[in-house]
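Below: one structure, written as structure tokens.
Residue numbers (this note's numbering): 1 to 497.
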């Protein structure tokens, strides 16, 4: 343990007037999933850290080509969000660069955004009963090979025959029970950025669900709810609560979609677990759709069976006829919205701050894919095989990763690439804008975090003044004399020989 005495601390400010600085403090896409030929809005956040009004020019580029440039006026210490529509004509990782006019601190005038643009989205439906995904699959891909979704339907027992990482989202429909292997596979899939949508049905067993998914471990639960019981009523409808949630917001201006008119006869009642959210409610206050962010991914839970009953519900068949939802115009767009919202986080890990980790899936597709390379914005490359297990990588960009490279300025903000053979994944690495505020530190907060001791003897003098200080000094001197004497004797003996 060492004690450091702080004699005095005198802050120096060569320019006592408040320093002006404008910075791009954030950039994001309004849609987590962006498709080719579609237009999405990019929101750029700009802040004025100075005490005077300021004007700057905001420019945005896509793949090196100008998209838009506009003047931005900011009041003192004000923040402004600028929304800019951007169209993506080609699939793949697309890079947006936002810049401001030069000022005294140029580093925070730039910010990058990586947008993974898809031509299609791959969806897997795992059925617990025959035709449990019939209407979901038809809503996503009504004509095989057409549209933006590609659907694969398998029985739950066949889930192990395909890697889940090949799919952007997985529907799990009317599954009675799960094996420990299936649970761990789904957990790992969502944990690494996947999207799982659990749909209830007449095979749902609430007690078995709660036991298998260990919902008592609320903080570590993959699923968002604890099940209570299957409820059968005849007067239930959807309750969108002013259409505030992103899942139902698109329905606000389309009453003809009939979201409020869907008759619901049965559902599974449940309660939200810690850190889970209500996405859509029922008119009796129950949960219709719930969600939970789990590590890098998201899970959603639907209280209804998403199959269409073949007969009018009655006492004898009410357990089979849960609702007429698939027959209503709101069903296909709601299925699309479930996928869109469940996958909304899948681009988040591609945009990080400097010294965060770069994580993602990079399977070795051939025998040639044996080396993982990190390419920095400066064009330098470094092998990072120790951060790759042949399927997933976890690259740390921080000083302890390679002090010599950090010191040489290799790790800077910009676009990083993780490369394996012909595969590559882009990451936008930006600066934390905390240091963009150039105002002097308020001295009143310093004593609370730093203990200042009055001037006294130096640490060295204090050590030597102790009773055990001088013996230590004499031991060091004796060691030095011994080493010099040994060297002299060795020299004399070698000459005598």
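Ideal Cβ placement from N, Cα and C applies to all residues, glycine included.
Predicted model only: the values in this text are computed from it and were never measured.
The DSSP assignment places 79-87, 92-99 as complete runs of the beta strand (DSSP E) inside the region 78-115, in order along the chain (cut-off: 3 residues). Burial is judged here by how many other beta carbons sit within 10 angstroms of a residue's own beta carbon; residue 167 has at least 16 and is buried. According to the DSSP assignment, residue 333 belongs to no beta strand (DSSP E) but to the alpha helix (DSSP H) extending over 331-342.
DSSP places residue 190 inside the alpha helix (DSSP H), whose first and last residues are 180-191. The alpha-carbon separation between residue 487 and residue 474 amounts to approximately 20 Å.
In the three-state DSSP reduction, residue 75 falls in the coil class, being neither helix nor strand. If you check the CB distance, residue 231 and residue 223 do not come in under 8 Å. CA-CA distance, residue 110 to residue 255, rounds to 43 Å.
Residue 394 counts as exposed, since fewer than 16 other beta carbons sit within 10 angstroms of its beta carbon. No Cβ-Cβ contact shorter than 8 Å links residue 114 with residue 24. Residue 135: member of the alpha helix (DSSP H) spanning 134-140, first to last residue.
Proximity to residue 30 across 50, 303, 81 peaks at 81, based on C-alpha coordinates. By the Cβ neighbour-count rule, residue 362 is buried, with 16 or more other Cβ atoms within 10 Å of its own. Around the beta carbon of residue 127, 16 or more other beta carbons sit within 10 angstroms, so the residue counts as buried. Annotation: residue 417 is outside any alpha helix (DSSP H); the continuous beta strand (DSSP E) that includes it extends over 414-420. One alpha carbon belongs to residue 484, the other to residue 476, and they sit about 13 Å apart. With a threshold of 16 other beta carbon atoms within 10 Å, residue 290 meets it and is buried. Where residue 220 is concerned, there is no enclosing beta strand (DSSP E), because DSSP gives it neither an H nor an E. Excluding residues up to 5 positions away in sequence, 236, 237, 238, 239, 264, 267, 288, 303 lie with their Cβ nearer than 8 Å to the Cβ of residue 282 in the same chain.
Here residue 391 has 363 as same chain residues with Cβ atoms under 6 Å from its own Cβ, once five neighbours each way along the sequence are excluded. When DSSP reads this structure, residue 428 sits in a beta bridge with 351, 415. With a cut-off of 8 Å on Cβ pairs, the region 183-200 is not in contact with the region 145-153, counting fewer than three such pairs.
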